[in-house]
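Enquirer: Under the working numbering, the first residue of the sequence shown carries the number -16, and numbering increases by one thereafter.
We put the beta carbon where it would ideally sit given N, CA and C, even for glycine.
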Amino acid sequence: MNDQHQDASKNVKRTLIKIERVKDRIGLSKTTIYAWVALGIFPRPVSFGHGMSRWIEEEIDAWIEARIKARDESAASALGARRLRGRR
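1. Can you tell me which of Trp19, Leu(-1) and Arg54 puts its alpha carbon nearest to the alpha carbon of Met35?
2. Would you kindly report the start and end of the unbroken alpha helix (DSSP H) that includes Ile24?
3. From Arg27 to Tyr17, what distance separates their C-alpha atoms?
4. Three-state secondary structure (DSSP) at Ser60?
5. Short of 7 Å in beta carbon distance, which residues of its chain neighbour Ser30, apart from the five on each side in sequence? Order them along the chain.
And the structure:
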């Protein structure tokens, strides 16, 4: 079940998703996800009390995109360094 939330101040529609959907999206366990949240390296869930939390799907999407960008920049940097070493 996806919950919808409308941010009135920004008029932005956000989709709230359960931990099971987060696990499916990133392929990690619930334990790892909560550990990464505690370390500040993964988006925090929105708590509704009584053990009920949801993640903002758009934040998960942005986190995934940032990881892909970091990977691509790292690969490009490594490729550039290899090319420079080859020219010497």
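Expert: Looking at the coordinates:
1. What you label residue 35 is simply residue 52 of the sequence shown in a count that begins at 1. Minimum Cα distance to Met35 is reached at Leu(-1).
2. Mapped onto the sequence shown, residue 24 falls at position 41. Segment: none, Ile24 is in no alpha helix (DSSP H) and carries neither H nor E.
3. For the purposes of this step, residue 27 is taken as residue 44 along the sequence shown, with counting starting at 1. For the purposes of this step, residue 17 is taken as residue 34 along the sequence shown, with counting starting at 1. Approximately 9 Å between the Cα atoms of the pair.
4. In the sequence shown, residue 60 corresponds to position 77, counting from 1. Ser60: helix per DSSP, three-state reduction.
5. Position 47 of the sequence shown holds residue 30. For Ser30, where only same-chain residues beyond five positions count, the Cβ hits under 7 Å are Ser36.
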